[in-house]
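Engineer: Below you will find the structure I want to go over with you.
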Amino acid sequence: MVFRAPVSIEALNTLSRGTLIEHLGIVFTEAGEDWVRATMPVDARTRQPYGLLHGGASVVLAETLGSSAGNLCLDTREQMAVGLEINANHLRAAREGTVTGTARALHVGRTTQVWDIRIEDARGRAVCVSRLTLAVVPVSSPA
Numbered sequence: 001m002v003f004r005a006p007v008s009i010e011a012l013n014t015l016s017r018g019t020l021i022e023h024l025g026i027v028f029t030e031a032g033e034d035w036v037r038a039t040m041p042v043d044a045r046t047r048q049p050y051g052l053l054h055g056g057a058s059v060v061l062a063e064t065l066g067s068s069a070g071n072l073c074l075d076t077r078e079q080m081a082v083g084l085e086i087n088a089n090h091l092r093a094a095r096e097g098t099v100t101g102t103a104r105a106l107h108v109g110r111t112t113q114v115w116d117i118r119i120e121d122a123r124g125r126a127v128c129v130s131r132l133t134l135a136v137v138p139v140s141s142p143a
């Protein structure tokens, strides 16, 4: 098991309140031993002016999944995982409905983590594939 403890979907969704995650309608739905899944609507919040799912919204979903999963691997009182690099290949347009992203661990090390994120439409077709590299850093004490 890559996560430090069983994943609480309720806790992930609670932590997202009042953030960009909530604003875009991203909802965590399930998790396994080394993966986490969330959905995001394709609507006015996430479309670009031509009616398609905005690539940036897909990247937000990917980074949300990977960063959340990365932090589930750490004692967040001492360390946190922060985005170092993300790439995304947009493979198929989505115009409506919901997309589902799944982040899976590729590497969980002491100083870096790498997560593979696949975003699919309601028919299970790949909309976007992304790879996120996280840096594991110490939690700063308040000034």
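No gaps in the numbering here: position 14 of the sequence shown is 14 in UniProt numbering, and each next residue is one more.
All residues carry an ideal CB built from backbone N, CA and C; glycine is no exception.
Which full runs of the beta strand (DSSP E) of 3+ residues lie inside the segment 35 to 106, going along the chain?
Structural biologist: Within the segment 35 to 106, the complete beta strand (DSSP E) runs of at least 3 residues are 35 to 41, 79 to 90.
Engineer: Here's the rule: buried if 16 or more other CB atoms are within 10 angstroms of the residue's CB, otherwise exposed. What is Gly66?
Structural biologist: Position 66 of the sequence shown holds residue 66. The residue in question, Gly66, is buried, as its Cβ has 16 or more Cβ neighbours within 10 Å.
Engineer: Excluding the five sequence neighbours on either side, which residues of its own chain have a C-beta within less than 7 Å of the C-beta of Gly83, listed in chain order?
Structural biologist: To locate residue 83, count along the sequence shown from 1; it is residue 83. Around Gly83: Glu63, Ser67, Leu132, Leu134.
Engineer: Apply the 10 Å Cβ neighbour rule to Glu120 and answer buried if 16 or more other Cβ atoms are within range, or exposed otherwise.
Structural biologist: Taking the sequence shown and counting its residues from 1, the one referred to as residue 120 is at position 120. Label assigned to Glu120: buried.
Engineer: To the nearest angstrom, report how far apart Glu33 and Asn71 are at their CA atoms.
Structural biologist: Translated into positions along the sequence shown, residue 33 becomes position 33. Translated into positions along the sequence shown, residue 71 becomes position 71. Cα to Cα, the separation comes out at about 14 Å.
Engineer: Leaving out the 5 sequence neighbours to the left and right, which residues in its chain are closer than 8 Å to Thr112 when beta-carbon positions are compared?
Structural biologist: Position 112 of the sequence shown, counted from the first residue, corresponds to residue 112. Counting only Cβ-Cβ distances below 8 Å, and skipping sequence neighbours, we find Leu84, Thr133, Leu134, Ala135, Val136.
Engineer: Tell me whether the beta-carbon of Thr98 lies closer than 8 Å to the beta-carbon of Ile117.
Structural biologist: If you number the sequence shown from 1, residue 98 lands on position 98. If you number the sequence shown from 1, residue 117 lands on position 117. Cβ atoms of Thr98 and Ile117: not closer than 8 Å.
Engineer: Taking the beta strand (DSSP E) that Ile117 falls in, what are its first and last residues?
Structural biologist: As a working mapping, residue 117 is identified with position 117 in the sequence shown. Here the beta strand (DSSP E) through Ile117 covers 112 to 120.
Engineer: Near Leu52, what residues of its chain come up, given a Cβ to Cβ distance below 8 Å and the 5 sequence neighbours on each side ignored?
Structural biologist: Position 52 of the sequence shown, counted from the start, is the residue given in the question as residue 52. Answer for Leu52: Ala93, Ala94, Arg95, listed in chain order.
Engineer: Going by C-alpha to C-alpha distance, which of Leu74, Ala38, Arg47 sits closest to Met1?
Structural biologist: By 1-based counting over the sequence shown, the position of residue 1 is 1. The shortest Cα separation from Met1 among Leu74, Ala38, Arg47 belongs to Leu74.
Engineer: Return the CA-CA distance between Val42 and Ala88, expressed in angstroms with no decimal places.
Structural biologist: Here residue 42 refers to the residue found at position 42 when the sequence shown is read from its first residue. Here residue 88 refers to the residue found at position 88 when the sequence shown is read from its first residue. Cα-Cα distance, rounded: 18 Å.
Engineer: From the DSSP output, in three-state form, read off Ala135 for me.
Structural biologist: Within the sequence shown, numbered from 1, the residue matching residue 135 stands at position 135. Residue state, collapsed to three classes: strand.
Engineer: If Val60 and Leu91 are in contact, beta carbons under 8 Å, what's the gap, nearest whole angstrom?
Structural biologist: The residue given as residue 60 occupies position 60 in the sequence shown. The residue given as residue 91 occupies position 91 in the sequence shown. Incorrect: roughly 17 Å between the Cβ atoms, too far for contact.
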